[in-house]
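Novice: Residue numbering for the sequence shown follows my numbering, starting at 2 and increasing by one per position.
We treat Cβ as the ideally placed atom computed from N, Cα and C, and that holds for glycine.
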Amino acid sequence: HFTGCEAEGTQSIFSKAPLDLSEENVNQQLLSFFLDNFKDQEFFQFQPIGEGLHDNFLYQSISALFENDENFHESSIQITKWLLNHSKDHYIKSGDMMMIKVENILLEDELLNAIGIFKIENKEPFLKISGGEGEEFILEFELGTSLHKLDKACLVFQTDKENGYKVLN
2 HFTGCEAEGT QSIFSKAPLD LSEENVNQQL LSFFLDNFKD QEFFQFQPIG
52 EGLHDNFLYQ SISALFENDE NFHESSIQIT KWLLNHSKDH YIKSGDMMMI
102 KVENILLEDE LLNAIGIFKI ENKEPFLKIS GGEGEEFILE FELGTSLHKL
152 DKACLVFQTD KENGYKVLN
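1. First and last residue of the beta strand (DSSP E) that includes alanine 65?
2. I'd like the list of long-range same chain contacts for asparagine 105, defined as Cβ closer than 6 Å, with 5 residues on each side in sequence excluded.
3. In whole angstroms, what separates the C-alpha of histidine 91 from that of threonine 11?
4. Assess contact between the region 5-23 and the region 92-100, defined as three or more Cβ pairs (one per stretch) separated by less than 8 Å. Is contact present?
5. At the level of alpha carbons, what is the spacing between asparagine 114 and valine 103?
6. Kindly indicate which three-state DSSP category phenylalanine 142 falls into: helix, strand or coil?
7. Among residues of its own chain, excluding the 5 on either side of lysine 165, which ones have a beta-carbon nearer than 7 Å to its beta-carbon?
8. State buried or exposed for alanine 18, treating a residue as buried only when at least 16 other CB atoms are found within 10 Å of its CB.
9. What does DSSP give as the partner residues of phenylalanine 127 in its beta bridges?
10. What span of residues does the beta strand (DSSP E) with phenylalanine 34 cover, start to end?
11. Do the CB positions of glycine 145 and phenylalanine 35 come within less than 8 Å of each other?
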């Protein structure tokens, strides 16, 4: 999805379908990008709101996805909209928002499932060289996402549910 920003005058755009990650090379690069960017192993938890954890929208949404991810894409849209409505700080920019579910991540000697929420706000310049047929090459300047840095991210592990899960950010 693309999250817009009122201050920047940009509109949000929600994808019509999940991305196809069936190409093994793309899948491996993205998995590494999403998981290798967590430097600290300091865990957080979802906090009770109102009467308890059941009033915390993100906690409830993530819990539902751990139980049944059949509507993962629609849930990702609802979570993105919720985050947009609750993120009014002027330091938060527009950007690409992605959600993933990963199975069998080793955490503290236990294989766990996790759901990740990632936002990329900054694009980096790069040169794309293509062609080479005959002696003709094309050099293009583009902006894209670096595979070395996520701007905002959290990874929710399917453990310790009664206390708000284990969350890395």
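Specialist: In brief:
1. Not the beta strand (DSSP E): alanine 65 falls in the alpha helix (DSSP H), residues 58-68.
2. Leu112
3. 14 Å
4. yes
5. 6 Å
6. strand
7. In the sequence on display, residue 165 carries glycine and not lysine. Cβ neighbours of glycine 165 beyond the five flanking positions: Gln46, Phe47, Gln48, Leu54 and Tyr60.
8. exposed
9. Glu143
10. Counting along the chain, phenylalanine 34 falls outside any beta strand (DSSP E), though it belongs to the alpha helix (DSSP H) covering 25-36.
11. no
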